[in-house]
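Working notes, structure below.
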Amino acid sequence: MKRIIILTIIFMLGVKVAAQEAAAASQRANQQYVLFESERDKGTNVTAMYSYLLDSYQNFMKVVDAADNGQYLSGAKNRLRAMYPYLLNGAVYYSEQKQPAKALDFATAYIEMPQLKIFQSELLPKDSRYASVVYYAAVSAYNLQKYSQALKYFQEYLNTGTDAQQKDCYVYMNMIYQSQRNYAEQERILEQAIAKYPVSLDFLYNLVNVHIATNDMPKLLSAIDRILAVDPNNDKVLPVKARILERQGKNQEALDIYKRLYALHPESFELLTGLARVNFNVATEIVNNGAAIVNDTEYALVRQRASGYLLDAKDLFLKILEKEPNSKMYMQGLAGVYQYMDMKSEYEVLMKIVTDGASYTSFPSRLLAYNEALKKTEGVAQLQESVPVPVDPAILVLRVDSFIDANHNKVIDAGESFSIQFTIENKGQGDAYNIRLRLSEQQGYDEYFDGPRELDGGNIPAGTSKQYTFRYLVKKEMPSALAKINIYAFEANGFDADPSELIVNTQEYAMPRLRVADHQFFASEGSSITLGQNGKLTLALQNYGTKTARNVKLNFTLPSNIFTTDSPEAIIDSIAPGDVATLDYGFLVNKRFDGDSVVVMVNVAEDSRSSYLSEAYKVKVGEYLTASSTIKIDGAVRQAVDLKNVTLGLTTDLLKDIPVGAVNRHRYALIIGNEDYSMTGANAEINVPYAVNDAMVFREYCVRTFGVPDGQLKVVPNATAGMMHEQLDWLVNMASTDPEAELIFYYSGHGNNDEATKEPYLLPVDITGKNIRLGVSLGELYKRLATHPVKGAYVFLDACFSGGYKSAAPLIAQKGVRVVPKAGLPQGNTLSFSSSSGDQTSSVFHDKKQGYYTYFLVKSIKDAGGELTMKELFEKTHAEVRKATALVGKIQEPQYMVSPTWSDWTDVKLKTPAAQ
158 MKRIIILTII
168 FMLGVKVAAQ
178 EAAAASQRAN
188 QQYVLFESER
198 DKGTNVTAMY
208 SYLLDSYQNF
218 MKVVDAADNG
228 QYLSGAKNRL
238 RAMYPYLLNG
248 AVYYSEQKQP
258 AKALDFATAY
268 IEMPQLKIFQ
278 SELLPKDSRY
288 ASVVYYAAVS
298 AYNLQKYSQA
308 LKYFQEYLNT
318 GTDAQQKDCY
328 VYMNMIYQSQ
338 RNYAEQERIL
348 EQAIAKYPVS
358 LDFLYNLVNV
368 HIATNDMPKL
378 LSAIDRILAV
388 DPNNDKVLPV
398 KARILERQGK
408 NQEALDIYKR
418 LYALHPESFE
428 LLTGLARVNF
438 NVATEIVNNG
448 AAIVNDTEYA
458 LVRQRASGYL
468 LDAKDLFLKI
478 LEKEPNSKMY
488 MQGLAGVYQY
498 MDMKSEYEVL
508 MKIVTDGASY
518 TSFPSRLLAY
528 NEALKKTEGV
538 AQLQESVPVP
548 VDPAILVLRV
558 DSFIDANHNK
568 VIDAGESFSI
578 QFTIENKGQG
588 DAYNIRLRLS
598 EQQGYDEYFD
608 GPRELDGGNI
618 PAGTSKQYTF
628 RYLVKKEMPS
638 ALAKINIYAF
648 EANGFDADPS
658 ELIVNTQEYA
668 MPRLRVADHQ
678 FFASEGSSIT
688 LGQNGKLTLA
698 LQNYGTKTAR
708 NVKLNFTLPS
718 NIFTTDSPEA
728 IIDSIAPGDV
738 ATLDYGFLVN
748 KRFDGDSVVV
758 MVNVAEDSRS
768 SYLSEAYKVK
778 VGEYLTASST
788 IKIDGAVRQA
798 VDLKNVTLGL
808 TTDLLKDIPV
818 GAVNRHRYAL
828 IIGNEDYSMT
838 GANAEINVPY
848 AVNDAMVFRE
858 YCVRTFGVPD
868 GQLKVVPNAT
878 AGMMHEQLDW
888 LVNMASTDPE
898 AELIFYYSGH
908 GNNDEATKEP
918 YLLPVDITGK
928 NIRLGVSLGE
938 LYKRLATHPV
948 KGAYVFLDAC
958 FSGGYKSAAP
968 LIAQKGVRVV
978 PKAGLPQGNT
988 LSFSSSSGDQ
998 TSSVFHDKKQ
1008 GYYTYFLVKS
1018 IKDAGGELTM
1028 KELFEKTHAE
1038 VRKATALVGK
1048 IQEPQYMVSP
1058 TWSDWTDVKL
1068 KTPAAQ
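Here it is, written out as structure tokens:
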């Protein structure tokens, strides 16, 4: 009972004290608030005013927090509500006065007041500057190293949804968590930032650092790959990825990266060393994996695969030791190469240098001394060695059993491996002792053989035989020649075998050599690449080497604010010697791009690692784009290589001052130029000269004058049957999605007719007259273009359908002649212009490197500035073609056909009026 009384007294005293504290705080708070109002009304002392205000706020907060505050809480709430907007003003005032600590006090009060329990039932009105104050408070707290408060306010800013400073908030929060080594929270906030800013590499770089700090290799590689998805040639993280792959034993993947980087930065010592290591590691893997192979032919293939990597590693290690001659690690690497290549002297000398702690600069002199000492030692050993005195003579017969080369072509190819198996039989009555076997090439070509020149043959008792093998890797410098290889067997008592001679051809190194033979930039709309528009780079990649380039990889890189519209990596299965692969790479220039030129970086590599390109192609923004100049390509290559001349452009007056029309998004075009019919098995005389030129020139007018958007136009040079039908499907499908569609179909190439039905066909480059029905029937073409209702379908045919092939004579080069075909009739709103009547040829204009018809068709459009109707276009083209061909004695009269139901086709204009 006594204890209860004491507890009650203590409790009553506690309540009384709390009430007294609340009363005192309330009195002080109200007094300070009155002083604040007084100073506010006078307006003479701003500093005093805000000092009273903050003191009043702090005391009212004591009232709110007091235990027995019931009689004071309502008044405190009213006062706090009244001072709320002035707290914001105080924060702004002290921020302007460069007093961040005081500004933070006011900002903290302003931010946290709406979160008080007493205001949960009402929403205090937030000023439009609320988000800015929150951000300022967060930064101030960060600068004052109040990190918990800073994190709270940065998060509050993010919660407001205001975009202006969101990125900076993530930056600060990342720095705070990094300084605290709170990697889990740092990773969380970085992932949020990356989701918001997926192409901002700074956040991804920081994520890489997080995973390095936590040693999380899977996440680290994932973060690096995310960076490379944005910037495929990022030289900050590619070396990191290469080193990780190297440590994981994925040497081939690491090698691909090191090669790409070293091509971009050949001065980098770090990349040089990495490239040397992984070349050696790849070779080591190949050799080790083949160690159990018994079959000599299979083992030769293994040695061949490893040889290229070993030779590259040797050259790279030598470059490293030129710069770092005291590097023990890289001397050991080079010694390893010598060991794998059976270069015993070089290996032993270099390892002795490593053991002695000497410099690589001593290697040449030491190797020379070693070889001289070895010769003397061998001579003394031979003199001192006790060789039995022969009772009966040994008779040695040396016989070559087999010559094994890696690719089984019975030729010693540079860069490959070979072996010679031979047997020595002792047909005498006496034993043969201390046999030395020596290989030598009479003209000195054995200097290109990496491997031992001499073998220890041991003893061969009378009446027995032994088999031996010389194995070599052939250096890439090996020339084409006729090698005469002798094998000698020297016996200690002088009963030597007669030398055996092997005569075999050698072949210089066969490898692919790639180059960009020509390139051309195109604009999707109009005649130049401008901000906010698409562009395209077309490359002609040629193999001028003597070996097929396989798995050719092209990686494209663009500057900031230019985005790819195609994959940044393209793969070509193979390019045969002399052949050309043409490919397009599309991009989009946004309106924030501030450079004067678009630069496209292109890196090209292929499987054999013999050819690597790193090129940059540039076009000025707003530059008028014409076709590129013709490039003549010459090369000193093997006779078997037919090196083709390559050009993506054409020098012609038609590509100057092209009339420009507005973009018409309802127009779609398919342009086909079939020139090379060699895949049919016929000779080059049946080719159609300049058909690809025709197509390219017509393409320029489609884009610039007719307003066809680049993404709605397809140009197909040398189209096969499959390609022609597939692309025609595409054109027809475009009409199914656009009731206002206008379709343009252009064809230059061979035409022919079915002998039985006389029906005319367009001939793909892989089709002959024998299987003509696999081509494109004109009747079917007109029918398909009318499948869907269209505003207009315009067909232009620079071909004839008569069954003959062109002559090689310049004046009578033709696209067919003789039999008059039975033409199909256009349907719907379809109009067809053709280059000649059914019994005439369509000739080529050699002086202009185009077909007569296409040249004058386009010239008529150009001369009129595009301002002519279809009827006027036909009449002008007809007159010009007839006149020009009559001068060469081969009259050609263009024709037109139109659907019977389309009456107003004569007034149609292809040029789209420019927007006003």
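Using the numbering used here, you'd call the opening residue of the sequence shown number 158 and step up by one each time.
The beta-carbon is built from N, C-alpha and C at its ideal position, and this holds for glycine as well.
Run of the alpha helix (DSSP H) containing Tyr504, from where it starts to where it stops: 501-513
C-beta contact flag for Asn408 and Val439 at 8 Å: A contact, by the Cβ cut-off of 8 Å.
Note the first and the last residue of the continuous beta strand (DSSP E) segment covering His1035. Taken as a continuous stretch (DSSP letters only), His1035 belongs to no beta strand (DSSP E), being part of the alpha helix (DSSP H) at 1027-1044.
Assuming Ala956 and Ser992 are in contact, meaning their beta carbons sit under 8 Å apart, how far apart are those beta carbons, in whole angstroms? 7 Å
Report the rounded CA-to-CA distance for Gly908 versus Val397, giving the unit in angstroms. 58 Å
Assuming contact is defined by CB atoms lying nearer than 8 Å, are Asn583 and Ile552 in contact in what I supplied? yes
Distance, Tyr858 Cα to Leu870 Cα: 12 Å
Indicate the three-state DSSP secondary structure (helix, strand or coil) for Ala848 in the structure shown. In this structure, Ala848 counts as helix in the three-state DSSP scheme.
In whole angstroms, give me the CA-to-CA distance for Val778 and Val755. 7 Å
So, helix, strand or coil for Arg628, using DSSP? In this structure, DSSP gives Arg628 an extended state, which the three-state scheme calls strand.
Assumed close pair Gln504, Tyr495 - CB separation to whole angstroms, cut-off 8 Å: According to the sequence displayed, residue 504 carries Tyr and not Gln. Sure, about 4 Å apart at Cβ, within 8 Å.
Are the beta-carbon atoms of Leu555 and Ala649 separated by less than 8 Å? Going by C-beta atoms, Leu555 is not nearer than 8 Å to Ala649.
Beta strand (DSSP E) runs contained entirely in the segment 545-594, provided each spans 3 or more residues: 553-562, 574-583
Which residues does DSSP list as the beta-bridge partners of Leu696? Residue pairing by DSSP places Leu696 opposite His676, Leu740 in a beta bridge.
Roughly how many whole angstroms lie between the Cα atoms of Glu479 and Asp359? 37 Å
Once DSSP output is grouped into helix, strand and coil, what is the label at Tyr1053? strand
Just checking my contact of Val761 with Leu711 at CB under 8 Å: how many whole Å lie between their CB atoms? 5 Å
Just how far apart, CA to CA, sit Ala295 and Leu308? In a straight line, the C-alpha of Ala295 is about 7 Å away from that of Leu308.
Cβ shell of Arg523 (< 6 Å), same chain only, five flanking positions each side left out: Val506
What residues in its chain sit with their C-beta under 6 Å from that of Glu897, if we drop five residues either side in the sequence? His823, Lys948
Beta carbon of Gly932 nearer than 8 Å to that of Glu832: no
Okay, do the segment 409-428 and the segment 739-747 touch, 3+ Cβ pairs below 8 Å being the bar? no
Could you name the residues that DSSP lists as bridge partners for Thr721? Phe744
Looking only at DSSP bridge pairs, what is Pro917 linked to? According to DSSP, Pro917 bridges with Asn910.
Assuming Gly1008 contacts Tyr847 under a Cβ cut-off of 8 Å, what Cβ separation, rounded to an integer in Å, is found between them? 6 Å
Going by Cα to Cα distance, which pick from Arg434, Ala463, Val435 is closest to Ala448? Ala463
Taking the beta strand (DSSP E) that Thr714 belongs to, which residues open and close that run? 706-714
Can you tell me whether Asn890 is buried or exposed? The criterion is at least 16 other CB atoms within 10 Å of its CB, across all chains shown. Exposed: under 16 other Cβ atoms inside 10 Å.
Kindly indicate which residue of Pro917, Arg861, Ile901, Ile828 has the alpha-carbon position closest to the one of Met881. That would be Ile828, whose Cα lies nearest to the Cα of Met881.
Which of the three DSSP states is assigned to Asn445 in this structure? The three-state reading of DSSP puts Asn445 in helix, counting H, G and I together.
If you reduce the DSSP assignment to three classes, tell me which class Gly936 lands in. In the structure shown, Gly936 sits in a helix (DSSP, three-state: H, G or I).
Minimum C-alpha distance to Arg292 - residue among Arg400, Gly514, Ala321: It is Tyr, not Arg, that sits at residue 292 in the sequence shown. With distances taken between Cα atoms, Tyr292 lies closest to Ala321.
Under a three-way DSSP split, which group does Asn436 fall into? helix
Count the other C-beta atoms from every protein chain shown that fall within 10 angstroms of the C-beta of Thr120, then say buried if there are 16 or more, exposed otherwise. Past the boundaries of the shown model lies residue 120; the chain is included only from 158 to 1073, so the question cannot be answered.
Which residue wins for smallest C-alpha separation from Asn691, given the options Glu196, Val820, Val220? Val820
Just the Cα atoms here: how many angstroms apart are Asp469 and Tyr605? 15 Å
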